[in-house]
């Protein structure tokens, strides 16, 4: 069955139009006596006018017809073509069914022509399976003749979205009209109050799928209010992943402006982070230089005391700074974090601070291991330390007083570092 037939005198007859597209009434060909001679425009086999039990007018092949593409189309295919033709006409365009190209290398289910005749757009109801390569080639053949095309599918096939296409849903109990259920999208930007500065600067921009009735979408596509657009990344929905959609030109402009704003914000953020890292490294280098200078400086001789009368001189020894063994919990935690941070900076390892290692070698201090290798010792006790057993290890202390106490007995070449008040961030 088909909606068109060829007549020698009247030319192309269109069963979807009241006047058959040629100024004839349906009764002139349906059950007319004598019978009107008509042929199929596809295979040239004789056809006759019929009406289905649902009132659908069409042309059926006479017995003995050859294999014909029009004769093999399903009822769903015919109903969708009829809806597309109706939608095109409702939009103010001329609709012609089953139109062949000038070279015969394509046939449009519905060809829409603008009122001034300057623009054509093919609407293809593609219900049977087809590969991505095949439908891409068919799209290119339309484009070669200056014809835009929109492929319409009732099932989500792999090719849907690879070429200009939409997925439609037929009428049902709750939906009296055909509906574009996939392939139509819009772009939105929402503000964000997240702490991440990039989100605050540009917000969140995303493509979202939307729906519309098929007749409205057809009018939008014919008048340029909806255009085919290739997405920069996949649009994932519950049922399909889209690489191309139909959208309004203003959404394309908004998406492009958002990408430019985001690229600028990313560049500014990266530059800010680079400058902060340079400042951090400079401060860290200055701190290490100060600590190294203190560790390498020879001990200063005690200052000479002015002479005092013998009876006024104190015989008590000068008190030394006390070595605190039981530090408060928050101080132990600070020292632990600072020591681990220093290990990352100095050795490039994620060290393990072993508080419970009671080996006398550590002199009540805590060794820092990277794997099975010790790298440093945190606060070995000055009265218990055996420098020979700590040779080659770095020594961490909490302040300058502890540096001076250990420095009095440490052999030359021993590296003693005062941990910073706040551990430096890792790279």
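In the working numbering, the protein residues as written are -10 to 416. Heads up, the beta-carbon is just placed ideally off N, CA and C, and yes, glycines get one too.
Practice task
Could you tell me whether the segment 52 to 70 touches the segment 12 to 23, where touching means 3 or more Cβ pairs closer than 8 Å?
Solution key: These segments do not touch.
Exercise for the section: Using the Cα positions of residue 231 and residue 192, report the straight-line distance between them to the nearest angstrom. Expected result: In the chain shown, the residue the question calls residue 231 occupies position 242. In the chain shown, the residue the question calls residue 192 occupies position 203. Those two C-alpha atoms are separated by around 23 Å.
Problem - Close-in-space but distant-in-sequence residues of the same chain around residue 247 (CB under 6 Å, 5 per side omitted) - result: By 1-based counting over the chain shown, the position of residue 247 is 258. Same-chain partners within the cutoff: 178, 194.
Handout entry: Runs of beta strand (DSSP E) lying entirely within the segment 226 to 274, each at least 3 residues, in chain order
Key = Considered as a whole, the segment 226 to 274 harbours 230 to 236 as its complete beta strand (DSSP E) runs of no fewer than 3 residues, in chain order.
Problem - Assigned exposure category for residue 259 - 16 Cβ within 10 Å defines buried - result: Counting from 1 along the chain shown, the entry for residue 259 is found at position 270. With fewer than 16 other Cβ atoms within 10 Å, it is exposed.
Exercise for the section: Under 6 Å Cβ to Cβ from residue 114, same chain only, skipping five residues before and after it: list those, please. Expected result: Here residue 114 refers to the residue found at position 125 when the chain shown is read from its first residue. If we look at residue 114 and ignore the five residues flanking it on each side, its Cβ neighbours are 66, 69, 70, 98, 141.
Practice task
Name the two residues that bound the continuous beta strand (DSSP E) containing residue 352.
Solution key: Here residue 352 corresponds to residue number 363 of the chain shown, with the count starting at 1. That residue, residue 352, is in no beta strand (DSSP E); it is neither H nor E in DSSP.
Exercise for the section: Count the other CB atoms, across all protein chains shown, that sit within 10 Å of the CB of residue 14; report buried if there are 16 or more and exposed otherwise. Expected result: Counted from its first residue, the chain shown places residue 14 at position 25. Counting Cβ neighbours within 10 Å, residue 14 comes out exposed, since fewer than 16 surround it.
Problem - Rounded distance between the beta-carbons of residue 354 and residue 368, thought under 8 Å - result: To locate residue 368, count along the chain shown from 1; it is residue 379. To locate residue 354, count along the chain shown from 1; it is residue 365. Contact holds; Cβ gap of about 5 Å.
Exercise for the section: Count the CB pairs spanning the segment 331 to 346 and the segment 354 to 364 that are closer than 8 Å, and state whether there are at least three. Expected result: With a cut-off of 8 Å, the segment 354 to 364 and the segment 331 to 346 count as touching, because enough Cβ pairs lie within range.
Handout entry: Within 8 Å, strictly: CB atoms of residue 421 and residue 100
Key = An answer regarding residue 421 cannot be provided, because it is not within the stretch -10 to 416 covered by the chain.
Practice task
Reducing DSSP to helix, strand and coil, say where residue 70 ends up.
Solution key: On the chain shown, residue 70 is found 81 positions in, with the first residue counted as 1. For residue 70, the secondary structure class from DSSP, reduced to helix, strand or coil, is helix.
Exercise for the section: Determine contact between the segment 70 to 88 and the segment -4 to 6, defined as no fewer than three beta-carbon pairs at a distance below 8 Å. Expected result: Between the segment 70 to 88 and the segment -4 to 6, the count of Cβ pairs shorter than 8 Å is three or higher; the stretches touch.
Handout entry: Cβ contact check for the segment 120 to 134 and the segment 157 to 176: 3 or more pairs under 8 Å
Key = Using a Cβ-Cβ distance cut-off of 8 Å, the segment 120 to 134 and the segment 157 to 176 are not in contact, since fewer than three pairs of beta carbons, one from each stretch, lie closer than that value.
Exercise for the section: Tell me whether residue 95 sits in a helix, a strand or coil according to DSSP, three-state version. Expected result: Taking the first residue of the chain shown as position 1, residue 95 is located at position 106. Correct three-state label for residue 95: coil.
Handout entry: Through-space distance from residue 187 to residue 255, alpha-carbon basis
Key = As a first step, residue 255 must be located in the chain shown, where it is residue number 266. As a first step, residue 187 must be located in the chain shown, where it is residue number 198. Distance between the alpha carbons of residue 255 and residue 187: 7 Å.
Exercise for the section: In angstroms with no decimal places, state the Cα-to-Cα distance between residue 397 and residue 405. Expected result: Position 408 of the chain shown, counted from the first residue, corresponds to residue 397. Position 416 of the chain shown, counted from the first residue, corresponds to residue 405. Each residue's alpha carbon lies about 12 Å from the other.
Practice task
Assuming residue 433 and residue 328 form a contact by the criterion Cβ under 8 Å, report the distance between their Cβ atoms to the nearest whole angstrom.
Solution key: The structure shown has nothing for residue 433, since the chain only spans -10 to 416.
Problem - Where residue 16 falls: helix, strand or coil (DSSP) - result: Position 27 of the chain shown, counted from the start, is the residue given in the question as residue 16. Three-state result, residue 16: helix.
Handout entry: For residue 385, the three-state DSSP class (helix, strand or coil)
Key = Along the chain shown, one-based indexing puts residue 385 at 396. The three-state secondary structure of residue 385, taken from DSSP, is strand.
Practice task
State the start and end residues of the unbroken beta strand (DSSP E) segment that holds residue 50.
Solution key: Residue 50 sits at position 61 when you count from the first residue of the chain shown. Element bounds for residue 50: 46 to 50.
Problem - Strand pairing of residue 432, partner residues [DSSP] - result: Residue coverage of the chain in this structure runs from -10 to 416, which leaves residue 432 outside it and unanswerable.
Handout entry: Close-in-space but distant-in-sequence residues of the same chain around residue 40 (CB under 6 Å, 5 per side omitted)
Key = Here the question's residue 40 lines up with position 51 in the chain shown. Correct list, in chain order: 46.
Problem - As assigned by DSSP and simplified to three states, the class of residue 377 - result: Taking the first residue of the chain shown as position 1, residue 377 is located at position 388. Reduced to three states, the DSSP call for residue 377 is helix.
Exercise for the section: Give me whichever residues DSSP pairs with residue 457 in a beta bridge. Expected result: No answer is possible for residue 457: it lies beyond the span of the chain, which begins at -10 and ends at 416.
Handout entry: Residues bridged to residue 358 (per DSSP)
Key = If you number the chain shown from 1, residue 358 lands on position 369. Looking at the DSSP assignment, residue 358 forms a beta bridge with 341, 363.
Practice task
Name, in chain order, the residues that DSSP records as bridge partners for residue 154.
Solution key: What you label residue 154 is simply residue 165 of the chain shown in a count that begins at 1. Residue 154 is bridged to 140.
Handout entry: Where the alpha helix (DSSP H) containing residue 133 begins and where it ends
Key = Taking the chain shown and counting its residues from 1, one reaches residue 133 at position 144. Here the alpha helix (DSSP H) through residue 133 covers 121 to 133.
Handout entry: For residue 444, the nearest candidate out of 42, 12, -8 (CA to CA)
Key = Given that the chain is displayed from residue -10 to residue 416, the structure contains no residue 444 and the question cannot be resolved.
Practice task
For residue 110, write down the residues that DSSP places opposite it in a beta bridge.
Solution key: Within the chain shown, residue 110 is the residue found at index 121, counting from 1. Beta-bridge pairing by DSSP links residue 110 to 101, 137.
Handout entry: Buried or exposed (CB count within 10 angstroms, at least 16 for buried), residue 240
Key = Sequence index remark: in the chain shown, residue 240 carries index 251 (1-based). Buried, because 16 or more other Cβ atoms sit within 10 Å of the Cβ of residue 240.
Exercise for the section: Would you tell me roughly how many angstroms separate the C-alpha atoms of residue 403 and residue 380, rounded to the nearest one? Expected result: On the chain shown, residue 403 is found 414 positions in, with the first residue counted as 1. On the chain shown, residue 380 is found 391 positions in, with the first residue counted as 1. The straight-line gap from Cα to Cα measures roughly 8 Å.
Handout entry: Distance, residue 196 Cα to residue 174 Cα
Key = In the chain shown, residue 174 corresponds to position 185, counting from 1. In the chain shown, residue 196 corresponds to position 207, counting from 1. Rounded to whole angstroms, residue 174 and residue 196 show a C-alpha spacing of 6 Å.
Exercise for the section: Kindly indicate which three-state DSSP category residue 9 falls into: helix, strand or coil? Expected result: The sequence position of residue 9 within the chain shown is 20, counting from 1. Reduced to three states, the DSSP call for residue 9 is coil.
Exercise for the section: Pull up the distance between the alpha-carbon of residue 352 and that of residue 314, whole angstroms please. Expected result: Locating residue 352 in the chain shown gives position 363, counting from the first residue. Locating residue 314 in the chain shown gives position 325, counting from the first residue. Spanning the two alpha carbons is a distance of roughly 11 Å.
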